[in-house]
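Residue 337 is where the sequence shown ends in the UniProt record's numbering, and the numbering goes up by one at each step.
In this text, a Cβ means the ideal position worked out from N, Cα and C, and glycines have one as well.
Keep in mind it's a predicted model, so treat the numbers as computed, not measured.
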Amino acid sequence: GGGGAPQAGGGAYPEQNITIVVPFSAGGPTDTVTRMIAEPMAAKLGGKIVVQNVEGAGGTVGAGEVANANPDGYTVLMHHIGMSTAPALYSNLGYKPLESFEMVGLVTEVPMTIVARKDFEPATLQDLVTYVKANSAKVTLANAGVGAASHLCGLLFQTATGVKLQEVPYKGTGPALTDLVGGQVDFMCDQTTNTSGQISAGEIKAYAVTTPERVKSLPDLPTTAEAGLPGMEVSVWHGLYVPKGTPQDVVAKLTDALKTALADQKVVDQMAKLGTAPVKAEDATPEAHKKKLEEQLGVWGKVIADAGVKAQ
Ligand code: MLT
């Protein structure tokens with residue numbers, strides 16, 4: 026114990042609470058996924074995990090905080106696809122995705138849904154496209170900040186339809202969804218982990234799911250391709266990170282705990298209810314995670330550069 030410099034050999038790890046930083050608001054998709062796995066991970070590690078929300082700037086504030094934390098395994102980051110979009114969006118990001126972190130493993134891949142306030146006029150995705158084209162000056166599109174998954178999905182929607190909309194940024198899907206339910210914004214695109222409940226309860230209207238296949242938990246919801254926007258496909262992969270320089274045996278313990286959590290039947294069931302599933306065991310590894318991040322940095326870096334979008 027004693028804190029300070031990381032010790033070689035994490036034999037006794039963990040000796041103190043582990044903090045998993047969620048770079049978005051409490052009650053949002055990243056928070057939901059993190060809280061699902063935190064307990065079974067902690068049980069496997071024989072320690073305690075505290076979830077801390079460090080929100081702002083589309084997830085880049087929390088990621089930056091973890092990049093600069095002690096590399097001792099006590100500060101962990103849960104981040105998603107935003108890790109691969111931020112470098113193209115922010116010219117002075119305080120971290121480099123591949124260089125500032127050790128990858129622990131992939132966690133899950135979450136479909137997104139295009140959803141609206143329940144009294145929003147358009148009834149179908151085709152209606153929505155027609156409507157936003159005719160009303161682009163007044164339609165509002167919510168997101169969780171530049172760099173959020175919802176921001177990326179909104180960008181894909183605008184690119185697919187050729188319409189530029191007025192975007193309303195929040196610090197997470199939690200507050201964005203609250204305003205959508207309350208009718209303060211018109212529509213958004215966000216993860217099934219948080220939209221499923223509101224869709225099923227009829228508190229918001231859903232147009233489509235952004236994956237090639239329908240989602241079992243929302244069987245009536247068409248895919249974007251079925252509903253007329255083929256090519257608008259995205260799902261939100263999540264991964265766990267620790268600061269660069271964290272001892273390899275500590276990373277290995279976290280990977281092992283992650284694998285155990287993802288195999289937990291309770292986690293599998295909870296995720297299924299929210300339209301998602303744990304990644305395959307071989308993907309809950311640093312190697313698979315690094316490969317995914319490298320590939321995704323290329324994919325989204327190009328999409329964002331082509332769209333000419335920048336933060337601020
Ligand atoms: C959240 O946890 O609030 C979301 O993942 C935000 C987003 O990226 O859209």
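Outcome for residue i when other beta-carbon atoms lying within 10 angstroms are tallied against a minimum of 16
i	result
Glu127	buried
Ala148	exposed
Ala226	exposed
Pro136	buried
Gly333	exposed
Ile329	buried
Pro244	exposed
Val58	buried
Lys291	exposed
Val324	exposed
Residue i versus residue j: straight-line alpha-carbon distance, rounded
i	j	result
Lys66	Gly89	In the sequence under discussion, the amino acid at residue 66 is Met, which differs from the Lys named in the question. Rounded to whole angstroms, Met66 to Gly89 spans 23 Å at the Cα level.
Pro255	Ala113	25 Å
Gly27	Glu320	Interpretation of Gly27 is limited by its pLDDT of 43, a score under 50 that renders its predicted location unreliable; the figure taken from the coordinates is listed afterwards. If you take the alpha carbons of Gly27 and Glu320, they lie about 39 Å apart.
Phe212	Gly71	43 Å
Lys305	Ala94	29 Å
Thr203	Gly36	45 Å
Pro237	Asp289	27 Å
Lys230	Gly222	12 Å
Val261	His105	6 Å
Val164	Lys335	21 Å
Thr271	Thr217	33 Å
Gln191	Asp56	27 Å
Pro247	Gln151	12 Å
Lys143	Gly208	8 Å
Met108	Pro122	6 Å
Tyr156	Pro96	50 Å
Leu287	Leu318	20 Å
Gly84	Asn219	17 Å
Leu166	Val193	6 Å
Lys315	Glu228	38 Å
Val210	Lys189	16 Å
Gln273	Ala201	38 Å
Gly98	Ala250	42 Å
Contact test: residue i Cβ vs the ligand MLT heavy atom, cutoff 6 Å
i	result
Phe49	yes
Ser116	no
Ala336	no
Pro54	yes
Thr149	no
Ser225	no
Ala173	yes
Gly197	yes
Ala169	yes
Which listed residue (the options) has its alpha carbon closest to that of residue i
i	options	result
Val154	Lys143, Ile139, Glu64 and Glu40	Ile139
Thr301	Thr235, Leu322, Asp274 and Ala282	Thr235
Tyr266	Val276, Tyr115 and Gly208	Val276
Val259	Ala173, Val86 and Val75	Ala173
Asn117	Leu131, Glu146, Val86 and Phe145	Val86
Lys158	Gly187, Leu166, Leu177 and Tyr232	Gly187
Ser50	Met103, Asp97, Pro96 and Ile74	Met103
Asn160	Glu146, Ala167 and Val171	Glu146
Lys269	Phe182, Ile45 and Glu124	Glu124
Thr184	Met257, Pro303 and Ala141	Met257
Thr310	Thr280, Gly326 and Asp331	Thr280
Thr285	Lys298, Pro303 and Ala297	Pro303
Cβ-Cβ distance between residue i and residue j below 7 Å
i	j	result
Lys169	Thr198	The question names Lys, but residue 169 in the sequence shown is Ala. Result yes, Cβ atoms of Ala169 and Thr198 sit closer than 7 Å.
Asn78	Val129	no
Gly52	Lys196	no
His263	Thr100	no
Lys69	Ala282	yes
Gln337	Met61	no
Ala63	Val76	yes
Cys214	Gly253	no
Thr110	Leu177	yes
Lys278	Tyr115	no
Asp308	Leu181	no
Ser242	Lys327	no
Contact test: residue i Cβ vs the ligand ZN heavy atom, cutoff 6 Å
i	result
Pro96	Within the structure as shown, the ligand ZN is missing, the only ligands being the ligand MLT.
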